[in-house]
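Below: the structure, in structure tokens.
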Amino acid sequence: MIIAVDGPAASGKGTIARALARHYGLPHLDTGLLYRAVAATVRAMHLDPTREADAVAACSFDDSLLADPVLRDDETGKLASVVSVHPLVRAALLQRQKRFANQPGGAILDGRDIGTVIAPDADAKLFVKASPQVRARRRHNELAANGSDVSFEQVLADIRARDERDSGRATAPLTQAADAAALDTSSLTIEAAVARAIQFVDAQV
Ligand code: C5P
Numbered sequence: 001m002i003i004a005v006d007g008p009a010a011s012g013k014g015t016i017a018r019a020l021a022r023h024y025g026l027p028h029l030d031t032g033l034l035y036r037a038v039a040a041t042v043r044a045m046h047l048d049p050t051r052e053a054d055a056v057a058a059c060s061f062d063d064s065l066l067a068d069p070v071l072r073d074d075e076t077g078k079l080a081s082v083v084s085v086h087p088l089v090r091a092a093l094l095q096r097q098k099r100f101a102n103q104p105g106g107a108i109l110d111g112r113d114i115g116t117v118i119a120p121d122a123d124a125k126l127f128v129k130a131s132p133q134v135r136a137r138r139r140h141n142e143l144a145a146n147g148s149d150v151s152f153e154q155v156l157a158d159i160r161a162r163d164e165r166d167s168g169r170a171t172a173p174l175t176q177a178a179d180a181a182a183l184d185t186s187s188l189t190i191e192a193a194v195a196r197a198i199q200f201v202d203a204q205v
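Numbering (full-length UniProt numbering), first residue to last: 1 to 205.
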């Protein structure tokens, strides 16, 4: 069984994908981490993230980087959405994601283009969404809990900018696959969102 989970930043897709992986006993790949690793490598090597050749050079990162906490920070997320625009960066990461999706026994992947590009034949597809305000509120609470004093307005502006870049790019833009079930988490608790996601998957397989 292959499960594809897509959605914008802070929609809850990562939390839902991890819970589904536990529920169905499937290996899980957070594909955003791959783009975050490219971003962190671009930064470490002082490369220009807007230059495709520079971003491609950063795609041969060491796998140990995937466990580095630096990948989780907001700056790396923003930079990831800049490097992920380049078609050659997406191509460099494609086979690895397809291999993970097609491993014997199945898998669950979350990202922006899983249901549309990486695993178009997935058995179940979810598109997780929430309003920009709700997503900014979640992200702002998270940042404040970690001691950041960034304003809510700034976080909301960042979320909108990231949405625009991810949805507006020419290659593999963030979009709901025609056969994906939409799950709006705006007014759901994590538990309720996970329960709904399991219902959606069970109904599709
Ligand atoms: O999901 P996460 O916030 O970690 O992703 C960081 C960035 O990586 C996204 O904003 C997006 O630009 C890019 N990404 C992508 N395709 C994916 C996963 C992430 O373009 N499958």
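Even glycine gets a Cβ: it sits at the ideal position worked out from N, Cα and C. Here the structure is a predicted model, which means the values were calculated and not measured.
Endpoints, alpha helix (DSSP H) assigned at residue i
i	result
L183	That residue, L183, is in no alpha helix (DSSP H); its beta strand (DSSP E) goes 181 to 184.
D73	Careful: D73 lies outside any alpha helix (DSSP H) and carries neither H nor E.
V155	152 to 168
G14	13 to 24
Residue span of the beta strand (DSSP E) that contains residue i, given as start and end
i	result
A39	A39 -> not in any beta strand (DSSP E); alpha helix (DSSP H) instead, spanning 32 to 44.
D6	2 to 6
V117	Premise fails: V117 is in no beta strand (DSSP E) and is neither H nor E.
Closest by C-alpha distance to residue i, when choosing among the options
i	options	result
Q133	V155, G168, P120	V155
D74	D202, P120, N141	N141
I190	S60, M1, A19	A19
R135	L126, S148, F152	F152
Q97	Q204, I198, I2	I2
Distance cut-off 7 Å: residue i Cβ against heavy atoms of the ligand C5P
i	result
S84	yes
S81	yes
A161	no
I16	no
Below-8 Å beta-carbon distance, residue i vs any chain C residue
i	result
A122	Absent from the structure is chain C; it holds one protein chain and no more.
Outcome for residue i when other beta-carbon atoms lying within 10 angstroms are tallied against a minimum of 16
i	result
G7	buried
D48	exposed
When the Cβ atoms of the stretch 109 to 116 are set against those of the stretch 3 to 14, are three or more pairs found closer than 8 Å? yes
Cβ pair count under 8 Å reaching 3, the stretch 32 to 43 against the stretch 64 to 78: yes
Counting pairs of beta carbons, one from the stretch 124 to 131 and one from the stretch 176 to 195, are three or more of them closer than 8 Å? yes
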